[in-house]
Amino acid sequence: MAGQVDIVDLMIADRVIGLGDLHNLPVAVQKDPDALIEALGKAGKLSPNQQARYKAVAYDFPIKNDEEMARVTPHQVEGIDRAFLQFYTACPIELGRNEVLWAAADLPNKRLQSEILLRNRKNTHQFVWASAKAIESAIERMNKREGHSLKFLVENAYAQLNAGNDDAIINLVDEIIRTAYKNGASDLHIEILNRKPTVMARIDNELEELVALPMEVYDRVVGRLRHMAGVSAENFKKPLYGRMTFELSNRQNVDIRYTTQPITLENTAKIAMRFLRPFEGQMENFGYQPESIEKIDNLMKFEEGVVIFAGPTGQGKSTACRLMIRRGQRPGQNVIAYEKQIEERMENVIQTEEDLSAGVNLESFLYAALGLDPDIMYIGEVRSPEDTRRVIDAGNLGHLVITTMHANDSFMTLDRLLQRGVPPELIFSNVRGVVSQRLVRRLCPKCRVPYELDQQLADSMNAIRDVGFKRGDAIFRPNRNGCELCHHRGYSGRIAMEEVLEVWRREISRNVWAGNRLRPDWIEVVREQAAAAGMKDMLTQGLSHVQAGITSLDELERFFSADLETLR
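Just so you know, numbering that gives the first Met the number 0 puts the end of the sequence shown at 567, numbered straight through with nothing missing.
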């Protein structure tokens with residue numbers, strides 16, 4: 000193994016850590032490279048890819064960078080099939096006389112090495128490290144060369160139906176899940192549109208067709224997924240819920256939430272599967288501005304009250320909650336969570352899932368949880384008026400409650416509470432803050448197209464929100480044809496635009512009362528006072544992303560079409 004000093008020097012040279020990060024760790028951890036890498040990973044300093052790379056360096060494995068791997072197409076090796084390569088995220092990149100050079104994303108890996116020797120004894124095998132993404136791309140090139148595509152697998156599965164061979168259906172389902180996950184999908188949908196079974200993937204909040212299925216193959220695919228999720232195989236008359244853990248490779252599993260919705264006219268059901276992807280980053284990587292993070296840090300200092308994350312479905316509310324808890328949790332704090340379905344395992348958090356058959360609902364959870372004397376309670380999305388009132392009331396019992404709601408913005412969240420029967424005095428005494436957000440698509444950094452602002456457009460944009468646009472500034476639009484990096488979409492990934500309403504501040508919540516009632520225009524009063532106190536709304540953050548070249552005006556118009564109407 001390489002010396003620990005070499006690993007530390009490399010990390011510092013790569014600017015992923017500083018000496019201050021090391022001083023905060025126990026001496027025993029600093030002296031053990033494996034423990035050091037793991038600790039820095041848990042602290043959010045190293046991504047999973049960086050952890051794997053530094054571990055390989057610690058064990059003296061050579062490194063192949065992504066550029067070198069981009070020139071590689073893996074070779075066929077006797078006894079090694081495609082499923083083996085995908086499972087272990089490894090591939091043979093060079094063949095010599097009785098010698099094979101492998102690229103692997105997880106080194107050292109004794110299981111991989113012994114499996115290769117069992118399958119191929121005639122050669123000696125050497126290993127280099129490469130990133131999982133580079134290896135997966137190389138395997139994909141190999142698959143294209145050999146005709147292994149989803150369409151090919153569908154045709155093969157159809158041909159094997161009469162032979163009673165289930166292996167082709169299993170391979171097809173596995174490849175559908177892997178392809179969707181690898182392409183960055185948040186959801187996978189299998190449904191019948193115009194009597195045509197179709198597999199769709201939601202990528203950056205846009206549905207894309209992956210492959211069409213013959214009806215006979217569709218029935219077998221649905222049956223396979225029901226079996227994997229452990230749900231009833233017969234009943235299409237009511238929604239069904241399940242969960243599965245899918246093995247993407249030997250080094251990576253993904254939890255999948257499975258839901259069905261009856262399609263009455265077709266006597267079948269639509270299947271929706273949500274990939275419960277862990278978010279390993281920090282609030283800064285999520286896209287939050289430094290001033291917003293500072294406000295959230297202040298909210299986490301409260302001993303009691305309620306913090307609400309608001310926004311539509313699929314806009315990252317739950318992820319933001321978990322990041323807030325992870326960032327603000329202090330040693331010794333008792334944190335408990337309640338969700339209808341647990342989406343992600345949270346470290347140092349007691350998690351409870353709704354189970355109506357066992358009598359576990361929000362009311363029974365709160366009754367039991369208060370006896371545990373929690374410091375922080377995370378409550379998954381609340382929808383009913385009764386549950387909303389329970390959550391807001393819980394913030395008055397000596398605990399900080401963090402939850403999520405559906406609402407358009409921070410101000411309408413307060414109005415939504417009022418509509419659900421929460422007394423206005425409880426809203427302004429118990430709610431400490433509301434964080435609203437949207438996720439906009441990031442422009443592909445490789446193929447985005449720049450254009451210069453003229454004076455008229457710059458003035459029009461500054462009239463909407465004065466973020467300092469100037470004539471001659473370059474902003475960007477998506478390349479309609481895209482490139483290989485963004486899979487020809489023009490966009491790659493999403494970033495948050497957020498607003499933080501600090502309800503606890505007197506200068507924001509004052510002047511809303513007329514006697515013992517709320518003023519009719521109380522929402523506008525709060526909005527004006529928040530702006531005067533320096534609050535930046537989501538549109539301001541979105542235009543800042545446009546100014547920085549992160550997203551486009553077209554993307555922003557999807558969320559703020561009325562506000563940006565003057566730009567058309």
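Even for Gly, the Cβ is constructed at its ideal location relative to N, Cα and C.
Which same chain residues, not among the five before or five after residue 375, have their C-beta less than 6 Å away from its C-beta?
Here residue 375 refers to the residue found at position 376 of the sequence shown. Excluding positions up to five away in sequence, the list reads 334 and 399.
What is the DSSP secondary structure of residue 314, reduced to helix, strand or coil?
Here residue 314 refers to the residue found at position 315 of the sequence shown. In this structure, residue 314 counts as coil in the three-state DSSP scheme.
Whose C-beta lies closer than 6 Å to the C-beta of residue 349 among residues of the same chain, with five residues either side of it excluded?
Here the question's residue 349 lines up with position 350 in the sequence shown. Answer for residue 349: 335, listed in chain order.
I'd like the list of long-range same chain contacts for residue 549, defined as Cβ closer than 7 Å, with 5 residues on each side in sequence excluded.
In the sequence shown, the residue the question calls residue 549 occupies position 550. Closer than 7 Å at Cβ, skipping near neighbours: 441, 442 and 494.
Does residue 123 pass the burial test, meaning 16 or more other C-beta atoms within 10 Å, or should it be called exposed?
Here residue 123 refers to the residue found at position 124 of the sequence shown. Flag for residue 123 reads exposed.
What did DSSP end up calling residue 192 once you bin it into helix, strand or coil?
Reading the sequence shown from its first residue, position 193 is the one you call residue 192. Note: residue 192 maps to strand in three-state DSSP.
Consult DSSP for residue 86 and reduce its assignment to one of helix, strand or coil.
Locating residue 86 in the sequence shown gives position 87, counting from the first residue. Three-state result, residue 86: helix.
Of the choices 184, 538 and 301, whose alpha-carbon is the least far from that of residue 253?
Along the sequence shown, read from residue 1 onward, the residue named residue 253 stands at position 254. In terms of Cα proximity to residue 253, the closest of 184, 538 and 301 is 184.
Give the DSSP bridge partners of residue 124, in chain order.
On the sequence shown, position 125 is the one that residue 124 refers to. Bridge partners of residue 124: 99.
Taking 8 Å as the threshold, find out whether the stretch 148-157 comes into contact with the stretch 90-104 through three or more Cβ pairs.
no
Relative to the alpha-carbon of residue 71, which residue among 55, 359 and 129 has its alpha-carbon at the smallest distance?
By 1-based counting over the sequence shown, the position of residue 71 is 72. Checked all of 55, 359 and 129; the closest Cα to residue 71 is 129.
How long is the line joining the alpha carbons of residue 340 and residue 459, rounded to whole angstroms?
Here the question's residue 340 lines up with position 341 in the sequence shown. Here the question's residue 459 lines up with position 460 in the sequence shown. If I take the Cα positions, the gap works out to 45 Å.
Residue 560 to residue 454 span [Cα, whole Å]:
On the sequence shown, position 561 is the one that residue 560 refers to. On the sequence shown, position 455 is the one that residue 454 refers to. Straight-line Cα distance between these residues: approximately 22 Å.
Residues in the same chain with beta-carbon distance under 7 Å from residue 527, minus the five sequence neighbours each way, listed in chain order, please.
The residue you call residue 527 lines up with position 528 of the sequence shown. Cβ neighbours of residue 527 beyond the five flanking positions: none.
Looking at the structure shown, is residue 259 part of a helix, part of a strand, or coil, going by DSSP?
As a position in the sequence shown, residue 259 is number 260, starting the count at 1. Strand, per DSSP.
Helix, strand or coil: how does DSSP classify residue 197 here?
Your numbering for residue 197 matches position 198 in the sequence shown. Residue state, collapsed to three classes: strand.
Classify residue 244 as buried or exposed, calling it buried when 16 or more other Cβ atoms lie within 10 Å of its own Cβ.
Stepping through the sequence shown from its first residue, residue 244 is reached at position 245. By the 10 Å Cβ count, residue 244 comes out exposed.
Residue 444, enclosing beta strand (DSSP E) - first and last residue
By 1-based counting over the sequence shown, the position of residue 444 is 445. DSSP places residue 444 outside any beta strand (DSSP E), giving it a letter other than H or E.
Could you check what DSSP says for residue 450 in three-state terms: helix, strand or coil?
Within the sequence shown, residue 450 is the residue found at index 451, counting from 1. DSSP places residue 450 in strand when its eight states are reduced to three.
Just checking my contact of residue 381 with residue 345 at CB under 8 Å: how many whole Å lie between their CB atoms?
Start at 1 with the first residue of the sequence shown, and residue 381 comes out as number 382. Start at 1 with the first residue of the sequence shown, and residue 345 comes out as number 346. Contact doesn't hold; Cβ gap of about 19 Å is too wide.
In angstroms with no decimal places, state the Cα-to-Cα distance between residue 12 and residue 114.
Residue mapping note: residue 12 aligns to position 13 of the sequence shown, counting from 1. Residue mapping note: residue 114 aligns to position 115 of the sequence shown, counting from 1. Approximately 36 Å between the Cα atoms of the pair.
Can you say whether residue 450 is buried or exposed, counting buried as having 16 or more other CB atoms within 10 angstroms of its CB?
By 1-based counting over the sequence shown, the position of residue 450 is 451. Residue 450 is exposed by the Cβ-count criterion.
Hey, how far is the Cα of residue 26 from the Cα of residue 42?
As a working mapping, residue 26 is identified with position 27 in the sequence shown. As a working mapping, residue 42 is identified with position 43 in the sequence shown. Those two C-alpha atoms are separated by around 16 Å.
Can at least three beta-carbon pairs, one atom from the stretch 535-549 and one from the stretch 460-475, be found at a separation below 8 Å?
The stretch 535-549, when compared against the stretch 460-475, does touch it at the 8 Å Cβ threshold.
Is the CB-CB distance between residue 478 and residue 448 below 8 Å?
For the purposes of this step, residue 478 is taken as residue 479 along the sequence shown, with counting starting at 1. For the purposes of this step, residue 448 is taken as residue 449 along the sequence shown, with counting starting at 1. In this structure, residue 448 lies closer than 8 Å to residue 478 by Cβ.
Could you tell me if residue 508 is buried or exposed, where buried requires 16 or more neighbouring beta carbons within 10 angstroms of its beta carbon?
In the sequence shown, residue 508 corresponds to position 509, counting from 1. Buried, by the Cβ-count rule.
Just mark residue 585 as buried or exposed, buried being the case when its beta carbon has 16 or more other beta carbons within 10 Å.
The structure shown does not extend to residue 585, since the chain spans only 0 to 567, so no value can be given for it.
For the beta strand (DSSP E) that residue 282 lies in, which residues bound it at each end?
Position 283 of the sequence shown holds residue 282. Here residue 282 belongs to no beta strand (DSSP E); instead the alpha helix (DSSP H) covers 282-285.
Can you list, in chain order, the residues of its chain with a C-beta nearer than 6 Å to that of residue 409? Leave out the 5 residues immediately preceding and following it.
To locate residue 409, count along the sequence shown from 1; it is residue 410. So the list reads 433, 435, 498 and 500, once near-sequence residues are dropped.
With distances taken between CB atoms, is the gap from residue 119 to residue 77 smaller than 8 Å?
On the sequence shown, position 120 is the one that residue 119 refers to. On the sequence shown, position 78 is the one that residue 77 refers to. Cβ distance < 8 Å, so residue 119 and residue 77 count as in contact.
Considering only the beta carbon of each residue, do residue 169 and residue 223 sit closer than 8 Å?
Position 170 of the sequence shown, counting from 1, holds the residue named residue 169. Position 224 of the sequence shown, counting from 1, holds the residue named residue 223. Taking 8 Å as the Cβ cut-off, residue 169 and residue 223 qualify as a contacting pair.
Which residues mark the beginning and the end of the beta strand (DSSP E) in which residue 245 is found?
By 1-based counting over the sequence shown, the position of residue 245 is 246. Counting along the chain, the beta strand (DSSP E) containing residue 245 begins and ends at 239-248.
Excluding the 5 residues flanking residue 246 on each side, which residues of the same chain have their C-beta closer than 6 Å to its C-beta?
Walking along the sequence shown from the start, residue 246 turns up at place 247. Excluding positions up to five away in sequence, the list reads 252.
Beta-carbon proximity of residue 221 to residue 270, cut-off 8 Å
By 1-based counting over the sequence shown, the position of residue 221 is 222. By 1-based counting over the sequence shown, the position of residue 270 is 271. Yes, they are a contact pair.
Quick one: residues in its chain with C-beta nearer than 8 Å to the C-beta of residue 237, no 5 flanking neighbours on either side, listed in chain order?
Position 238 of the sequence shown, counting from 1, holds the residue named residue 237. So the list reads 261, once near-sequence residues are dropped.
Beta-bridge pairing of residue 424 - partner residues as DSSP gives them
Along the sequence shown, read from residue 1 onward, the residue named residue 424 stands at position 425. Its beta-bridge partners do not exist; DSSP assigns none.
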